[in-house]
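Chains as they are written, first to last, in my numbering: chain A, 19 to 301; chain B, 19 to 301.
In this text, a Cβ means the ideal position worked out from N, Cα and C, and glycines have one as well.
Structure first, then comments.
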């Protein structure tokens with residue numbers, strides 16, 4: 019295992035574990051190093067300068083662990099700090115926003131996309147810019163209550179259904195006012211895949227849901243192949259349904275309570291988490 | 019003004035401004051120094067060690083500004099770090115929890131109190147311990163969704179009413195199971211005073227609401243008198259209704275976005291905020 023490709027995954031907290039969950043079957047021979055900056059979450063309500071400082075610290079920590087590839091599995095950090103992170107480390111860096119926009123471009127017929135995200139991600143307009151590069155128009159809708167509702171465990175709760183209904187109603191009104199006809203919903207926060215069943219029941223059937231966890235894992239696999247970073251024998255991907263990939267080849271680092279990270283995190287990862295290490299990065 | 023009593027007020031964010039709002043008429047001649055550690059909020063989801071480290075840094079910053087008295091207007095920091103703060107600074111330190119428990123003891127007839135608070139405050143059982151010292155039993159109920167709902171501005175929203183109804187229903191069921199009859203509700207989070215109108219409509223009329231902002235301001239005034247820290251001519255308090263106290267004798271420091279601090283903070287303070295300074299305390 020010492021020769022395995024080392025991939026770093028960074029998030030402000032637990033949400034990025036939905037990305038790691040998708041990465042496990044996509045890159046089965048890699049060893050993963052995950053940092054959740056739980057002591058300083060949520061990033062979504064913080065300023066660009068603060069977010070960039072935090073994200074660069076975590077990226078440098080991961081590089082010190084010997085990673086050869088870095089996935090920014092945090093929408094807020096991808097939106098506000100990807101350039102600072104790229105400038106600070108020498109390994110390839112892929113963020114969830116660019117991969118989400120590319121996937122939306124591949125499936126949208128109307129060329130209008132609805133992006134659901136946190137306040138900071140929306141205010142950055144990073145999705146609108148990334149979508150514009152693919153000839154898509156993006157309507158960005160801030161949904162600040164969804165993360166706390168998910169962390170409360172209310173992923174199938176009537177209150178969450180009502181909050182979603184309100185947010186989607188407001189978004190579709192704004193779309194109409196802007197003469198947009200979104201046919202694709204991009205989940206611009208790595209917590210949101212846990213709301214997918216509820217979203218599917220709430221959205222018009224004509225709209226397709228793309229979550230940035232799945233699109234990012236696919237993009238990472240493609241990018242690793244393009245960079246010849248995958249040994250030949252690894253090209254065949256595991257299929258999640260056929261073979262449950264194990265988190266035993268993952269190393270987890272959290273900047274706050276290990277116990278809470280394991281308890282909440284396992285919901286996002288879809289399996290129990292072992293070997294979580296407390297990481298002191300100052301602050 | 020250079021001879022004015024300097025009082026420090028510390029919170030992880032905006033909520034402590036509800037305490038400052040009550041302090042302004044209570045101690046009209048003082049000069050106030052407020053720190054909102056907005057870059058690292060919310061404290062409610064973090065571990066004791068992390069919270070203590072953050073709170074001590076802010077307390078030391080305030081002491082360096084020449085404060086002679088420190089109010090910990092953050093329930094989580096009062097619950098988890100008051101001893102560490104007292105050990106780190108030489109000025110008197112008063113926390114919202116001890117004052118809330120004392121006020122509840124003064125009015126409860128059934129000697130049972132319902133405390134609504136964040137997860138971390140509840141898990142610390144600091145309110146139960148403080149109440150026990152006054153011969154009160156406390157039922158502590160974690161309400162993690164209330165802060166995000168308040169910060170979304172949904173203080174009169176049907177969704178917030180429903181969330182409150184669910185939390186209160188669960189709490190009253192737990193009270194019944196524990197054979198408790200709470201007649202007093204202690205708002206154990208400085209955000210919650212903004213929900214007071216909604217709470218008054220949701221609670222049984224027999225229950226009285228105590229918010230820790232008001233009780234803390236009264237306790238600070240009493241403590242300053244007891245310590246002879248108030249000049250004789252200042253003993254007469256202003257009455258908020260008669261004379262609107264101004265925030266011009268306040269200095270605000272935030273560890274993140276000044277613009278957001280002013281925008282959100284004015285809701286909690288009840289007036290516009292000037293002279294907010296960005297404070298870099300590392301991290």
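**Item:** C-alpha gap between residue 12 (chain A) and residue 101 (chain B), whole angstroms
**Value:** Nothing can be reported for residue 12 (chain A): it is not among the residues displayed for chain A, which extend from 19 to 301.
**Prompt:** Which class does residue 29 (chain B) belong to by DSSP, given the choice of helix, strand or coil?
**Reply:** Collapsing the DSSP output to three states places residue 29 (chain B) in a strand.
**Prompt:** So, does the CB of residue 259 (chain B) fall closer than 7 Å to a CB anywhere in chain A?
**Reply:** Residue placement at residue 259 (chain B) is flagged as unreliable, the pLDDT there being 41, under the threshold of 50; the coordinate-derived value follows with that caveat. It does not; no Cβ of chain A falls within 7 Å.
**Prompt:** So residue 181 (chain B) packs on residue 91 (chain B), CB below 8 Å; how close in whole Å?
**Reply:** With a Cβ gap of about 24 Å, residue 181 (chain B) and residue 91 (chain B) do not count as contacting.
**Message:** Mapping the DSSP letters down to three states, classify residue 115 (chain A) as helix, strand or coil.
**Reply:** Under the three-state reduction of DSSP output, residue 115 (chain A) falls in the helix class.
**Message:** Check for me: the beta strand (DSSP E) holding residue 226 (chain B) runs from which residue to which?
**Reply:** 226–229 is the extent of the beta strand (DSSP E) around residue 226 (chain B).
**Message:** So that I know if they touch, is there some Cβ in chain A lying closer than 7 Å to that of residue 253 (chain B)?
**Reply:** Bear in mind that a pLDDT of 48 at residue 253 (chain B), under 50, signals an unreliable position, so the model cannot answer this.
**Asked** Comparing alpha-carbon positions, which option in A:31, A:239, A:267, A:276 lies nearest residue 296 (chain A)?
**Response** That would be A:276, whose Cα lies nearest to the Cα of residue 296 (chain A).
**Prompt:** Which whole-angstrom value is the C-beta distance of residue 231 (chain B) and residue 208 (chain B), which I expect to be below 8 Å?
**Reply:** The C-beta distance from residue 231 (chain B) to residue 208 (chain B) rounds to 6 Å, short enough to meet the 8 Å contact threshold.
**Request:** Would you give the residue range spanned by the alpha helix (DSSP H) that residue 94 (chain B) belongs to?
**Result:** Residue 94 (chain B) -> alpha helix (DSSP H) spans 93–106.
**Asked** Are any of the Cβ atoms in chain A nearer than 7 Å to that of residue 189 (chain B)?
**Response** Residue 189 (chain B) has a beta carbon lying at 7 Å or more from every beta carbon in chain A.
**Message:** Looking only at its chain, what residues have a beta carbon closer than 6 Å to the beta carbon of residue 35 (chain A), apart from the 5 residues adjacent to it on each side?
**Reply:** Here the set comprises 283, 286, 287.
**Asked** Candidates A:206, A:33, A:176, A:129: which alpha carbon is nearest residue 161 (chain A)'s?
**Response** Of A:206, A:33, A:176, A:129, the residue nearest in Cα terms is A:206.
**Message:** Please identify the residue among B:298, B:264, B:87 whose C-alpha is closest to the C-alpha of residue 291 (chain B).
**Reply:** Nearest Cα to residue 291 (chain B) within the set B:298, B:264, B:87: B:264.
**Asked** Based on the DSSP secondary-structure assignment, which residues constitute the bridge partners of residue 204 (chain B)?
**Response** Paired residues: B:133, B:228.
**Item:** Nearest candidate by alpha-carbon position, reference residue 71 (chain B), set B:47, B:243, B:177, B:98
**Value:** Nearest of B:47, B:243, B:177, B:98 to residue 71 (chain B), Cα basis: B:98.
**Request:** Could you tell me the distance, in whole angstroms, from the CA atom of residue 74 (chain A) to the CA atom of residue 130 (chain A)?
**Result:** When only Cα atoms are considered, residue 74 (chain A) and residue 130 (chain A) end up about 33 Å apart.
**Message:** Please return the same chain residues whose Cβ sits closer than 7 Å to the Cβ of residue 233 (chain B), not counting the five positions on each side in sequence.
**Reply:** If we look at residue 233 (chain B) and ignore the five residues flanking it on each side, its Cβ neighbours are 117, 118, 121.
**Request:** Answer with yes or no whether the minimum CB distance from residue 234 (chain B) to chain A is below 7 Å.
**Result:** Look at residue 234 (chain B): its C-beta is not under 7 Å from any C-beta on chain A.
**Prompt:** Is the distance from the Cβ of residue 104 (chain B) to the Cβ of residue 114 (chain B) below 7 Å?
**Reply:** It is not a contact, given that the beta carbons lie outside the stated cut-off.
**Request:** Can you say whether residue 244 (chain B) is buried or exposed, counting buried as having 16 or more other CB atoms within 10 angstroms of its CB?
**Result:** So residue 244 (chain B) ends up on the exposed side.
**Asked** Under 7 Å, do residue 267 (chain B) and residue 201 (chain B) count as touching if we go by C-beta distance?
**Response** No; because the gap between Cβ atoms is not below 7 Å, this pair is not in contact.
**Prompt:** Expressed to the nearest angstrom, what Euclidean distance is found between the alpha-carbon atoms of residue 79 (chain A) and residue 241 (chain A)?
**Reply:** One C-alpha to the other measures close to 23 Å.
**Request:** Consult DSSP for residue 127 (chain A) and reduce its assignment to one of helix, strand or coil.
**Result:** Of the three classes helix, strand and coil, the one that applies to residue 127 (chain A) here is coil, per DSSP.
**Request:** With 7 Å as the threshold, decide whether the Cβ of residue 245 (chain B) is near any Cβ in chain A.
**Result:** By this cut-off, residue 245 (chain B) is not an interface position.
**residue 187 (chain A) burial status per 10 Å Cβ neighbour count (16 or more: buried)** = The residue in question, residue 187 (chain A), is exposed, as its Cβ has fewer than 16 Cβ neighbours within 10 Å.
**Item:** Coil, strand or helix - residue 173 (chain A) by DSSP
**Value:** Judged by DSSP in its simplified three-state form, residue 173 (chain A) adopts coil rather than helix or strand.
**Asked** With a cut-off of 7 Å, does the C-beta of residue 298 (chain B) fall near any C-beta of chain A?
**Response** It does not; no Cβ of chain A falls within 7 Å.
**Message:** I want to see whether chain A comes within less than 7 Å of residue 274 (chain B), judged by CB atoms only; does it?
**Reply:** Taking a beta-carbon distance threshold of 7 Å, residue 274 (chain B) counts as an interface residue toward chain A.
**Request:** Kindly identify the DSSP beta-bridge partner or partners of residue 49 (chain B).
**Result:** B:24, per the DSSP bridge assignment.
**Request:** Answer yes or no: do residue 324 (chain A) and residue 166 (chain B) have a C-beta to C-beta separation smaller than 7 Å?
**Result:** Nothing about residue 324 (chain A) can be reported from this structure: the residues present for chain A run from 19 to 301 only.
**Request:** Would you identify the three-state DSSP class for residue 299 (chain B), choosing helix, strand or coil?
**Result:** Residue 299 (chain B): coil per DSSP, three-state reduction.
**Asked** How is residue 86 (chain A) classed by DSSP in three states: helix, strand or coil?
**Response** Assigned with DSSP and collapsed to three states, residue 86 (chain A) falls in coil, not helix or strand.
**Request:** For the segment 47–73 of chain A, enumerate the residues whose C-beta is nearer than 7 Å to any C-beta of chain B, in chain order.
**Result:** Only those residues of the segment 47–73 of chain A whose C-beta falls short of 7 Å from the nearest C-beta of chain B are listed: 57, 58, 64, 65, 68.
**Request:** Note down, in chain order, all residues in the segment 149–170 of chain B with a beta-carbon under 9 Å from any beta-carbon belonging to chain A.
**Result:** Cβ proximity to chain A below 9 Å picks out 162, 163, 165, 166, 167, 169, 170 from the segment 149–170 of chain B.
**Request:** Output yes if chain A places a C-beta closer than 7 Å to the C-beta of residue 180 (chain B); else output no.
**Result:** Yes, contact with chain A.
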